[in-house]
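Okay, so here's the structure we're looking at.
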Amino acid sequence: KYSICPEVKVKVPPKNNPPGLPCIEKIVSSVDDNPEPINTDVTGRIPKWINGSFLRNGPGKFEIGNQRFNHWFDGMALLHQFKICNGQVTYKSRFLSSDSYQANSEHNRIAVSEFGTVTMPDPCKNFFQRFLSRFEIPKPTDNANVSFVTYKGDYYVSTETNIMHKVDPETLETTKKVDWSKFIAVNGATAHPHTEPDGTSYNMGNSYSGKGTYYNIIRVPPTKSTEDETLEGATVLCSIPSADKTKPSYYHSFAMSKNYVVFIEQPIKMDLLKIVTGKLRGKSISAGFSWDPKLNTVFHLIHKQTGTYVAKPMSTFHQINAYEEDGFLIVDMCASDDGQAIANYNIQNLRKSGEALDEVYNTLCRVFPRRFVLPLNVDDDTPYSQNLNQPGSSATAMRISQHKVFCTHEDLHGEDLHQYGGLEFPQINYGKYNTRPYRYFYGCGFRHLVGDTLIKMDLKGKRMKVWEHPGLYPSEPVFVPAPNATEEDDGVILSVVITPHKDKGTFLLVLDAKTFEEVGRAAVPVNIPYGFHGTFNATA
1 KYSICPEVKV
11 KVPPKNNPPG
21 LPCIEKIVSS
31 VDDNPEPINT
41 DVTGRIPKWI
51 NGSFLRNGPG
61 KFEIGNQRFN
71 HWFDGMALLH
81 QFKICNGQVT
91 YKSRFLSSDS
101 YQANSEHNRI
111 AVSEFGTVTM
121 PDPCKNFFQR
131 FLSRFEIPKP
141 TDNANVSFVT
151 YKGDYYVSTE
161 TNIMHKVDPE
171 TLETTKKVDW
181 SKFIAVNGAT
191 AHPHTEPDGT
201 SYNMGNSYSG
211 KGTYYNIIRV
221 PPTKSTEDET
231 LEGATVLCSI
241 PSADKTKPSY
251 YHSFAMSKNY
261 VVFIEQPIKM
271 DLLKIVTGKL
281 RGKSISAGFS
291 WDPKLNTVFH
301 LIHKQTGTYV
311 AKPMSTFHQI
321 NAYEEDGFLI
331 VDMCASDDGQ
341 AIANYNIQNL
351 RKSGEALDEV
361 YNTLCRVFPR
371 RFVLPLNVDD
381 DTPYSQNLNQ
391 PGSSATAMRI
401 SQHKVFCTHE
411 DLHGEDLHQY
421 GGLEFPQINY
431 GKYNTRPYRY
441 FYGCGFRHLV
451 GDTLIKMDLK
461 GKRMKVWEHP
471 GLYPSEPVFV
481 PAPNATEEDD
491 GVILSVVITP
501 HKDKGTFLLV
511 LDAKTFEEVG
521 RAAVPVNIPY
531 GFHGTFNATA
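Every letter in the sequence shown is one number past the one before it in the UniProt record's numbering, and letter 359, counting from 1, is 359.
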């Protein structure tokens, strides 16, 4: 077991950004769903080889009755489908028929607590019943508004609790509620699993017991034995004890190479006592989150075949890629030096304007792409106090004690990225280059609280291409490979672009991934809120 501790050392851009960020409150405005296909207005050209559905997930309803959700993560899940065929695009959307959505609709109030919103006692109950209800342990929400994921070839929508929903990607209808805890001993799982070429999936989820908190690596087999099967056969590959039994670290995703799962234990802590007593105190789950900069970030390396610890050694929401090369594990991620950003994404902040909006933005620590190079062959004969990494990367790894290797990162960008506010929502040519050496990644630049540019990063020379238009806010870019592609960036980028200053101005943007120039767009005659994650479901 070796602990690999990253050095917290990064150039933070000055926070004296030009004042006057435009108000974007309409990106968190409630909308109606459109379950029937709507034709879009195509300008330019949508390549005819693109055949399938671009599926997106995110919040779409921010008020129930006369009550409002507090946090961006709380809005009711709205599922989107952009169906692309023969150069034409149709759009449909449907609210996820979750238990949370049904209960809220039935009572015409917020009946189920969410991440940043705690439900109040039912006013229809008598005083004693309302008093007792404050002592109930909050049930996990099934409002799966983060992403579309696949297991055994089926589509699910997911958040970070133990509940997912199986969804028909054609109709967007909910077909089955699936509880992770019915198959393995976990209390939740991330919305960002990794999938191998054969369909085997890996994920992570926490478990809580009298012995403390454990971070679990989960493996789900690639195929079904019966048509109605879901997570049968899922196993826990490895359990990692939390350094603090009652205050585990929060994580949104993890990295994976060919042989290793990489879990990054970061200093964003969850106070379990505060969370389970939140309803009694009238506090939401988010009030139990805190940032502790005194703690190191630790990388845990777990071999996928044996489940043993190989090394133990940071703070991030989304990883870019990870791969093994010449006895080293290269881990690329988007990271910042401050874990307090979650609290700033309250809906009231997203609806601010003028100096108040500028103040919120300037409190955020920028997120930048970084590379860590972790030596895999550290043993008793490994020398101390010398860089164990080979030339070719400025990232370093130095053994400083028997079981500790001190690491510094390499910036995966040039100085020009600072003027775009850093980069988040990273994506790659996943099908061909995940867990393999790669050259390109794509993401959103953040000169606002949400993405306001699209960026293509070329790791050869760390050169950037940028798509930007004032007043337009693109979502996570998803790469779709061209048929018979011969190069890594042969394909297109799909992104849903939100226009908060123009009514019903949302459009699906298609960029040539190689040149990063616009090929075409499909305008949607309805308003769409800014969402989180998506995927492309290709059809033969």
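In this text, a Cβ means the ideal position worked out from N, Cα and C, and glycines have one as well. All of these numbers come straight from a predicted model, not from anything done at the bench.
Requested in this report: Check Lys83 in the structure and name its three-state DSSP category.
Outcome: Indexing the sequence shown from 1 puts residue 83 at position 83. Note: Lys83 maps to strand in three-state DSSP.
Query raised in the report: Quick one: is Leu272 buried, meaning 16 or more other Cβ sit within 10 Å of its Cβ, or exposed?
Result: Within the sequence shown, numbered from 1, the residue matching residue 272 stands at position 272. Note on Leu272: 16 or more other CB atoms within 10 angstroms of its CB, so buried under the neighbour-count rule.
Requested in this report: Please report the residue range of the alpha helix (DSSP H) in which Glu355 lies.
Outcome: In the sequence shown, residue 355 corresponds to position 355, counting from 1. Element bounds for Glu355: 354-363.
Report task. Pull up the distance between the alpha-carbon of Asn203 and that of Ile285, whole angstroms please. Result -> By 1-based counting over the sequence shown, the position of residue 203 is 203. By 1-based counting over the sequence shown, the position of residue 285 is 285. Roughly 22 Å separates the two Cα atoms.
Query raised in the report: Excluding the five sequence neighbours on either side, which residues of its own chain have a C-beta within less than 7 Å of the C-beta of Thr435, listed in chain order?
Result: Here the question's residue 435 lines up with position 435 in the sequence shown. Excluding residues within five positions, the ones whose Cβ falls inside 7 Å are Met256, Ser257, Lys258, Ala322, Tyr323.
**Report entry** Spatial distance of Tyr101 from Leu231 (CA atoms)
**Finding:** Within the sequence shown, residue 101 is the residue found at index 101, counting from 1. Within the sequence shown, residue 231 is the residue found at index 231, counting from 1. Going from the Cα of Tyr101 to the Cα of Leu231 covers about 24 Å.
Query raised in the report: Does DSSP classify Ile285 as helix, strand or coil?
Result: Indexing the sequence shown from 1 puts residue 285 at position 285. Ile285: helix per DSSP, three-state reduction.
Query raised in the report: Over what stretch of residues does the alpha helix (DSSP H) that includes Lys92 continue unbroken?
Result: Your numbering for residue 92 matches position 92 in the sequence shown. Looking at the DSSP string, Lys92 is not in any alpha helix (DSSP H); the run it does join, the beta strand (DSSP E), is 88-95.
Report task. Pick helix, strand or coil for Pro13, following the three-state DSSP scheme. Result -> Here the question's residue 13 lines up with position 13 in the sequence shown. Residue confidence is low: Pro13 scores 45 on pLDDT, short of 50, so the model does not pin down where it sits. Its coordinate-derived value is still stated next. Coil, per DSSP.
Requested in this report: Answer with buried or exposed for Thr174, where buried requires no fewer than 16 other C-beta atoms within 10 angstroms of its C-beta.
Outcome: Position 174 of the sequence shown, counted from the first residue, corresponds to residue 174. Note on Thr174: 16 or more other CB atoms within 10 angstroms of its CB, so buried under the neighbour-count rule.
Query raised in the report: Could you give the distance in angstroms between the alpha-carbon of Gly534 and the alpha-carbon of Thr382?
Result: On the sequence shown, position 534 is the one that residue 534 refers to. On the sequence shown, position 382 is the one that residue 382 refers to. Answer to the nearest angstrom: the Cα atoms are 44 Å apart.
Query - Contact the segment 207-219 vs the segment 227-241: 3+ CB pairs below 8 Å - result: yes
Requested in this report: Closer than 8 Å by C-beta to Tyr473: which residues in its own chain qualify, once you throw out the five before and the five after it? Chain order, please.
Outcome: On the sequence shown, residue 473 is found 473 positions in, with the first residue counted as 1. Answer for Tyr473: Ile24, Ile27, His448, Val450, Gly451, Asp452, Val497, Ile498, Thr499, Pro500, Tyr530, listed in chain order.
Query raised in the report: Just curious, the beta strand (DSSP E) that Lys61 is in, first and last residue?
Result: Here residue 61 is taken as the residue at index 61 of the sequence shown, counted from 1. First-last of the beta strand (DSSP E) with Lys61: 52-61.
Report task. Say whether the segment 177-189 touches the segment 142-162, bearing in mind that this needs 3 or more beta-carbon pairs closer than 8 Å, one atom from each stretch. Result -> yes
**Report entry** Where Asn344 sits in the DSSP three-state scheme
**Finding:** Translated into the one-based positions of the sequence shown, residue 344 becomes position 344. Three-state DSSP puts Asn344 in a helix.
Report task. Would you please state the rounded distance, in angstroms, between the beta carbons of Arg370 and His318? I believe it to be under 8 Å. Result -> The sequence position of residue 370 within the sequence shown is 370, counting from 1. The sequence position of residue 318 within the sequence shown is 318, counting from 1. The pair is not a contact, with the Cβ atoms about 12 Å apart (cut-off 8 Å).
Query - Burial state of Gln81 (16 or more Cβ within 10 Å) - result: Numbered from its first residue, the sequence shown carries residue 81 at position 81. When all chains shown are included, Gln81 counts as buried.
Query raised in the report: According to DSSP, is Ala103 helix, strand or coil?
Result: Here residue 103 corresponds to residue number 103 of the sequence shown, with the count starting at 1. Helix, per DSSP.
Query raised in the report: Glu517 by DSSP, collapsed to three states: which one?
Result: For the purposes of this step, residue 517 is taken as residue 517 along the sequence shown, with counting starting at 1. Three-state result, Glu517: coil.
Query raised in the report: Which residues mark the beginning and the end of the beta strand (DSSP E) in which Lys269 is found?
Result: By one-based count along the sequence shown, residue 269 stands at place 269. Lys269 -> beta strand (DSSP E) spans 268-270.
Query - His413, buried or exposed, once every other Cβ within 10 Å from all chains shown has been counted against 16 - result: As a first step, residue 413 is located in the sequence shown; it is residue number 413 there, counting from the start. The residue in question, His413, is buried, as its Cβ has 16 or more Cβ neighbours within 10 Å.
Query raised in the report: Gly339 lies in the beta strand (DSSP E); which residues open and close that run?
Result: Translated into the one-based positions of the sequence shown, residue 339 becomes position 339. In the DSSP annotation of this structure, Gly339 is not part of any beta strand (DSSP E), being labelled neither H nor E.
**Report entry** Ala144 burial status per 10 Å Cβ neighbour count (16 or more: buried)
**Finding:** One-based indexing of the sequence shown puts residue 144 at position 144. With 16 or more other Cβ atoms within 10 Å, it is buried.
Query raised in the report: Contact check, Gly60 vs Gly75 under 8 Å by CB: the rounded distance?
Result: Counted from its first residue, the sequence shown places residue 60 at position 60. Counted from its first residue, the sequence shown places residue 75 at position 75. The pair is a contact, with the Cβ atoms about 6 Å apart (cut-off 8 Å).
Query raised in the report: Which first and last residues belong to the beta strand (DSSP E) in which Lys176 is found?
Result: Taking the sequence shown and counting its residues from 1, the one referred to as residue 176 is at position 176. Taken as a continuous stretch (DSSP letters only), the beta strand (DSSP E) holding Lys176 covers 174-179.
Report task. Write down every uninterrupted run of the beta strand (DSSP E) in the segment 447-530 whose length is 3 residues or greater and which is fully enclosed by it, in chain order. Result -> Counting only runs of 3 or more, we get 453-458, 463-467, 478-481, 491-498, 507-512, 518-523.
Requested in this report: Compare the beta carbon distance of Val524 and Thr119 with 8 Å and say whether it is the shorter of the two.
Outcome: Counted from its first residue, the sequence shown places residue 524 at position 524. Counted from its first residue, the sequence shown places residue 119 at position 119. Taking 8 Å as the Cβ cut-off, Val524 and Thr119 do not qualify as a contacting pair.
Requested in this report: Report buried or exposed for Glu227, applying the criterion of at least 16 other Cβ atoms within 10 angstroms of its Cβ.
Outcome: Counted from its first residue, the sequence shown places residue 227 at position 227. Glu227 comes out exposed.
Query raised in the report: Taking DSSP as the reference, what is the three-state secondary structure of Ile27?
Result: Here residue 27 is taken as the residue at index 27 of the sequence shown, counted from 1. The answer is helix: DSSP assigns Ile27 an H, G or I state.
Query raised in the report: Going by other Cβ atoms of all chains shown within 10 Å of its Cβ, with 16 needed for buried, is Ile38 buried or exposed?
Result: Position 38 of the sequence shown, counting from 1, holds the residue named residue 38. Exposed is the call here.
Query raised in the report: What do you get for Tyr384, buried or exposed, if any count of 16 or more other CB atoms within 10 angstroms of its CB means buried?
Result: In the sequence shown, residue 384 corresponds to position 384, counting from 1. Exposed, by the Cβ-count rule.
Requested in this report: Can you say whether Arg521 is buried or exposed, counting buried as having 16 or more other CB atoms within 10 angstroms of its CB?
Outcome: Position 521 of the sequence shown, counted from the start, is the residue given in the question as residue 521. Residue burial annotation: Arg521 is buried, with at least 16 other C-beta atoms found within 10 angstroms of its C-beta.
Query - Span of the alpha helix (DSSP H), counted from its first residue to its last, around Tyr430 - result: Counted from its first residue, the sequence shown places residue 430 at position 430. Unbroken alpha helix (DSSP H) run through Tyr430: 430-433.
Query raised in the report: Thinking C-alpha only, which one of Phe254, Met270, Leu350 is nearest Cys334?
Result: As a first step, residue 334 is located in the sequence shown; it is residue number 334 there, counting from the start. With respect to the C-alpha of Cys334, the residue from Phe254, Met270, Leu350 having the closest C-alpha is Phe254.
Query raised in the report: Do Tyr260 and Ser242 have their CB atoms nearer than 8 Å?
Result: Numbered from 1 along the sequence shown, position 260 holds the residue referred to as residue 260. Numbered from 1 along the sequence shown, position 242 holds the residue referred to as residue 242. No, Cβ-Cβ distance for Tyr260 and Ser242 is not below 8 Å.
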